[in-house]
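Residue numbers (my numbering): 596 to 684. Heads up, the thing below is written out as structure tokens.
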Amino acid sequence: MRLEGALLLLSGLAVILYSWKRYHLMLTIAERLGEQATCPGCKAYAKFRIESSGPSPLPDGGDPALEDHGGGIWLRARCRQCGDQWMLK
Ligand SMILES: [Zn+2]
């Protein structure tokens with residue numbers, strides 16, 4: 596019974612650590628995407644719309660894309676001001 600309690604506690608901690616790591620990575624990704632929100636053509640900040648994106652940022656199960664600091668995530672943006680297109684990744 597005591598051992599089971601310890602195991603439960605340990606697995607709880609593991610889940611918390613995993614969630615925190617995931618959350619932190621998502622923040623890192625969001626931050627990096629934010630840094631790329633400036634149009635290369637006219638330097639307008641965040642004046643774009645997303646044309647397409649892929650692959651799914653959070654696939655079920657293991658997420659190697661997220662582990663790779665969002666290397667698998669991309670967004671294609673088009674500037675609303677000058678029509679320039681660029682990739683956010
Ligand atoms: Zn532009």
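Backbone N, C-alpha and C define an ideal beta-carbon position, used for all residues, glycine too. These numbers come from a predicted model, not from an experiment.
| Item | Value |
| --- | --- |
| Nearest-angstrom Cα separation, counted from residue 597 out to residue 668 | 44 Å |
| Other residues of its chain near residue 674: CB distance less than 7 Å, five sequence neighbours each side excluded | 634, 636, 637, 639, 642, 643 |
| Residue 609 in three-state terms, based on DSSP | helix |
| Delimiting residues of the beta strand (DSSP E) encompassing residue 632 | Looking at the DSSP string, residue 632 is not in any beta strand (DSSP E), and its letter there is neither H nor E. |
| The beta strand (DSSP E) enclosing residue 639, as first and last residue numbers | Taken as a continuous stretch (DSSP letters only), residue 639 belongs to no beta strand (DSSP E), as it is neither H nor E. |
| Where the beta strand (DSSP E) through residue 671 begins and ends | 669-674 |
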